[in-house]
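Number of protein chains: 2
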Amino acid sequence: MAKRPPTIPDSELDVLKVLWERGQATVREALETLRAAGRQWSYATVATLLDRLETKGLVESDRSELAFVYRPTISSQEVQQRRVNSLVDKLYQGEPGLLVLHLLKSHALDANQAMEVRDVLDQMSGGKPKKKNV
Amino acid sequence: MAKRPPTIPDSELDVLKVLWERGQATVREALETLRAAGRQWSYATVATLLDRLETKGLVESDRSELAFVYRPTISSQEVQQRRVNSLVDKLYQGEPGLLVLHLLKSHALDANQAMEVRDVLDQMSGGKPKKKNV
DNA sequence: GACCTTGTGAGACAATTGTCTTAGGATGCG
DNA sequence: CGCATCCTAAGACAATTGTCTCACAAGGTC
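So the sequence lines, in the order shown, correspond to chains A and B.
Just so we're aligned, residue 2 is where the first sequence starts under the numbering used here, counting upward by one.
Just so we're aligned, residue 2 is where the second sequence starts under the numbering used here, counting upward by one.
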């Protein structure tokens with residue numbers, strides 16, 4: 002009986018991102034940040050989204066002050082993890098490698114990132130598989 | 002005026018996958034395939050999903066026979082592309098490289114795929130890295 | 001105390017998604 | 001022909017998402 006993780010719609014994700022950035026925020030603070038970032042939402046909309054996030058257990062609120070202070074209870078890493086897994090399951094036969102290949106083929110990495118990737122690969126399978134049949 | 006691509010909900014995606022696999026299918030054929038794959042849908046549900054996909058322009062139907070024959074008008078590659086781009090935009094600052102790193106760090110690749118990845122990397126920046134502007 | 005200002009609570013309301021029911025047209029068979 | 005099938009059309013209906021309106025409480029201000 003694993004309760005499936007709640008879905009996070011786009012609008013809620015935008016609000017969650019603000020909380021990740023600042024650590025915590027009131028409705029008004031989140032609103033300002035979102036406005037600055039181009040979202041033209043009303044105060045009530047942000048309040049609703051935070052409320053829904055709390056219902057889903059993804060943020061919690063400190064209600065001791067007049068304006069509630071919201072804090073995320075889920076990390077961006079965890080959300081990334083979920084989204085990536087879901088994508089891999091749904092469109093890459095559960096094979097993360099296929100997604101990696103797809104990404105590399107359609108978007109060139111800059112030199113730094115390419116190097117990092119090589120490093121990770123090298124560390125992965127112990128040493129570096131130098132020669133093999135080709 | 003770019004009309005944003007239609008969203009493809011999970012249930013529709015499942016039906017679309019059947020069409021990709023078989024090339025085309027009637028409602029009943031799709032239903033059978035989905036049943037075999039564990040989806041316990043009614044005939045009408047599959048019909049509705051195909052209809053919605055057609056409305057969105059993602060499949061087209063040949064109506065010359067009694068039972069319409071549906072065919073996808075979008076490739077799985079294209080859907081993958083869209084999903085990946087959206088994921089990268091929303092959770093990886095638009096940096097595909099970050100997603101690649103994340104994937105490699107959390108899921109080890111098998112040797113073959115690792116090799117493939119190296120190949121792609123090598124071809125990418127025309128050989129070894131470590132060179133400034135070109 | 002009478003008034004603003006900020007906040008929350010409750011819920012409206014349309015679009016989308018997930019799934020199905022029902023009505024009626026076309027076909028096949030005795 | 002008459003009836004059982006199979007098919008599509010139309011739409012019901014609840015849950016979720018995207019956004020907002022309205023009413024009303026708590027606190028400051030003069």
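The beta-carbon is built from N, C-alpha and C at its ideal position, and this holds for glycine as well.
Remember, predicted model here, so these are calculated numbers, not experimental data.
Assigned secondary structure, residue i (DSSP; H/G/I helix, E/B strand, else coil)
i	result
residue 62(A)	strand
residue 38(A)	coil
residue 26(A)	strand
residue 72(B)	strand
residue 141(B)	The first residue shown for chain B is 2 and the last is 135, placing residue 141(B) beyond what the model contains.
residue 122(B)	helix
residue 20(A)	helix
residue 67(B)	coil
residue 134(B)	Residue placement at residue 134(B) is poorly supported in this model, since its pLDDT is 44, which falls under 50; the coordinates still yield a value, given next. Three-state result, residue 134(B): coil.
Range covered by the beta strand (DSSP E) that runs through residue i
i	result
residue 1(B)	Residue 1(B) is absent from the model: chain B starts at 2 and stops at 135.
Neighbour-count burial assignment, residue i, 16 or more Cβ in a 10 Å radius
i	result
residue 56(B)	exposed
residue 38(A)	exposed
residue 98(A)	buried
residue 106(B)	exposed
residue 66(B)	exposed
residue 48(A)	buried
residue 32(B)	buried
residue 68(B)	exposed
residue 93(A)	buried
residue 34(A)	buried
residue 115(A)	buried
residue 27(A)	buried
The alpha helix (DSSP H) enclosing residue i, as first and last residue numbers
i	result
residue 97(B)	97-107
residue 53(B)	44-56
residue 111(A)	Where residue 111(A) is concerned, there is no enclosing alpha helix (DSSP H), given that its DSSP letter is neither H nor E.
Integer-rounded CB distance, given that residue j should sit under 8 angstroms from residue i
i	j	result
residue 50(A)	residue 71(A)	That belief does not hold up - the Cβ atoms of residue 50(A) and residue 71(A) are roughly 10 angstroms apart, past 8 angstroms.
residue 73(B)	residue 59(B)	7 angstroms
residue 136(A)	residue 91(B)	Because chain A here runs from 2 to 135, residue 136(A) falls outside it and cannot be looked at.
residue 19(A)	residue 102(B)	24 angstroms between Cβ atoms; not a contact.
residue 9(B)	residue 80(B)	7 angstroms
residue 77(A)	residue 42(A)	About 21 angstroms; that fails the 8 angstroms criterion.
residue 110(B)	residue 125(A)	7 angstroms
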